[in-house]
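Protein chains in written order, with the numbering used here: chain G, 270 to 382; chain L, 18 to 132.
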């Protein structure tokens, strides 16, 4: 009965590779997000989708591309991984276009070697 | 633009005592929401409490209460009767209408509860 789930939980890969992180929510929410938490624990929004439409696209390199096949899923694809991409990536979801509290997934710890 | 400031990188409290974690904010949105999240060492983000800018009363959720002072632009979290399990990183966050409701986070306060 997990509310917001992410796979994988850990991802270790080499520089230059392409990888994806998947997120699914079963809360019936209409809005989903990707956040990046850096090594100093600072959390920053990357993207947000509302009903499969991209509504927030912060200053993120083009190597990051979100995809929302439906309201319950939001995936993050990263091309040509760099050392600086190492971080914890959190998916979150909320209701009413973001007016309600956001519920976070468990996070995906990405390590780029 | 929205900004959240948490000036306490770390705080210590004795078990069973109360502790206040500071949060100040800045926004030009007339309507906004303030949130507190807890991140234990296991890494998950746990929603604790929410305060709307037009709410007349301070929010409370069990041992958590939010001391909202709109004129001072502060939204401090008060944890009463601290428990060892309260040891974690605490983040204050804000959501405004003018930013598609995205959450802007502060840098966090690491709370340690001593036995």
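A virtual CB, placed ideally from N, CA and C, is assigned to each residue, including glycine. No experiment lies behind these values; they were computed from the predicted model shown.
- Per DSSP, the beta bridge partners of residue 292 of chain G are G:275.
- According to the DSSP assignment, residue 322 of chain G belongs to the beta strand (DSSP E) that extends over 322-326.
- DSSP places residue 315 of chain G inside the beta strand (DSSP E), whose first and last residues are 312-319.
- Secondary structure of residue 353 of chain G (DSSP, three-state): helix.
- DSSP places residue 125 of chain L in the coil class of the three-state scheme, outside both helix and strand.
- Here the alpha carbons of residue 315 of chain G and residue 104 of chain L stand approximately 28 Å from one another.
- What residue 333 of chain G touches in chain L, judged by beta-carbon distance under 9 Å, is nothing: the nearest beta carbon there is about 16 Å away.
- Of G:302, G:307, G:289, G:357, the smallest CA-CA separation from residue 320 of chain G is found for G:302.
- With a threshold of 16 other beta carbon atoms within 10 Å, residue 373 of chain G meets it and is buried.
- Chain G has a Cβ within less than 7 Å of the Cβ of residue 61 of chain L.
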